[in-house]
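In our numbering, the protein residues as written are 110 to 515. Glycine included, every Cβ here is placed at the ideal spot set by N, Cα and C. Here the structure is laid out as structure tokens; the discussion comes afterwards.
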Amino acid sequence: MINIAILGYGTIGSGVVEVLSTNGESIKKRAGDQIDIKYILDLKEFPGDPMMEKIVHDINIILEDSDVMIVVEVMGGVEPAYTFVKQALLKGKSVITSNKELVATHGAELLDMAKERNLNFLFEASVGGGIPIIRPLNQSLTADEIVEITGILNGTTNYILSRMSEDGLDFNTALQNAQKMGYAERNPAADIEGHDACRKIAILSSLAFGMQVDFEDIYTEGITKITDTDIRYAKAMGARIKLFASSVKENDKHVYAMVAPVLIKASHPLYSVNDVFNGIFVRGNVIGDVMFYGSGAGKLPTASAVVADIVDAAKHLNKNIWTIWSSKKLELTDINQVQHRFFIRVEGNSLTVKEQISKLFGEVEEITTEDVVGEYAFITSSIAEQELNEIKSKLNGILSVIRVRF
Ligand code: HSE
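Okay, here's the thing in structure tokens:
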């Protein structure tokens, strides 16, 4: 029997209990042994809950029990998760986590600690919910140099954009629905401002390039400025607005990373990734393009990834699964130098406005939609972010700026 302890009995923690109970028999066969939950750490009591006897409030009970071989951290947030995870590794226990903040901030150090002790620190659920992406990057795509990772990595924002586009819901109603369904972070600002996707692309980039990509270095823009008018224009163009988290190696050397809403058309592989689903597009220099798709948030999909890590850790007791993520920092390309085409809306559609646009941007592609009047919308040619910012400072009445990927 392999005893585990779960830190946190919230949405994911209770999902892990449910998955282990629902699929206990097949999980036992795959792990080669029975997985038994010995403790659940939580601040609260759970009277009447089938797990109530296992609830403890003191981490030391878990740390001091040498029967516990695997600790599952599903509390979220950097502290006290970081302290507890380090203590567990120091006590010779492998750790599984779904906590992207913890992994993005301390992943390299915790992997090193696990490696030095022949333990494992696994975090499949930290990116893409139930979608296998960490293990494929570590194990299946090791023959490749990764050239690009672009993902729709936040279920909440993808759900909001889909509902706004398909059902005409306003932003707040769509967000409330996402919260009710357990997709959103405790503080949904982390979702809608792009911080959650930023941490996830930092993790994927660190694994893909084998060096530390600091999330603070990644240019991040959320979806809070996207309006129903932007969505109307997107529809008129046969396009959709998606929150992309990308990291791209240009000219075989420099990597840029960014999180921002983009306009894409049906020819993009991530176009059909809607609702709470996530999609991750990976381009390798020998394999070409591969796609990963599935439920990016929610109790059971995330718990599925956590339990798969528990099984992997159970199969690799006293044997470290090698993961390359050096603590050496990867210097990212200055985002100002990155080029895009931009969709821009400005107030007014007089000849003067059009002449000013043409003077500032040169030739642009004019975009119209029947039901919007009194403004001018267009797509620029490919220009650097810095150039755009310089032009923006000379332009009055800007209503919207969205990067274009077609
Ligand atoms: N709030 C996150 C999302 C949860 O919506 O994708 C999964 O990380």
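Cα atoms of Glu475 and Leu150: separation of roughly 58 Å, rounded to the nearest angstrom. DSSP, reduced to helix, strand and coil, places Thr206 within a strand of the structure shown.
DSSP places His304 in the uninterrupted alpha helix (DSSP H) bounded by His304 to Phe318. Ligand 1 has no heavy atom closer than 7 Å to the beta-carbon of Gly122. By the Cβ neighbour-count rule, His215 is buried, with 16 or more other Cβ atoms within 10 Å of its own.
When distances are taken from the beta-carbon of Asn498 to the heavy atoms of ligand 1, even the shortest one reaches 7 Å or more. Secondary structure at Pro370: strand, using DSSP grouped into helix, strand and coil. The beta-carbon separation of Leu441 and Val364, rounded to 6 Å, stays under the 8 Å limit for a contact. Leaving aside the five residues that flank Ser376 on each side, the residues in its chain whose CB is nearer than 8 Å to its CB run, in chain order, Phe515.
Across the set Thr477, Ala493 and Ile500, the C-alpha of Thr477 shows the shortest separation from the C-alpha of Lys344. The continuous beta strand (DSSP E) containing Ile476 extends over residues Glu474 to Ile476.
The bridge partners DSSP lists for Gly260 are Ala354 and Ile389. Within the DSSP secondary-structure output, Arg454 pairs in a beta bridge with Ala486 and Ser509. For Ile146, the uninterrupted beta strand (DSSP E) run begins and ends at Ile144 to Leu150, by DSSP. Closest option to Leu246, judged by alpha-carbon separation, among Thr432, Gln446 and Val513: Thr432. Sequence-distant partners of Ile111 (beyond 5 residues in either direction) whose C-beta falls short of 6 Å from its own C-beta, in its chain, are Asp142, Ile144, Met178 and Ala423. Look at His215 here: in three-state DSSP terms it is helix. In the structure shown, Ser413 adopts helical secondary structure according to DSSP, grouped into three states.
Between the alpha carbons of Glu479 and Val183 lies a gap of roughly 49 Å.
Secondary structure of Tyr118 (DSSP, three-state): coil.
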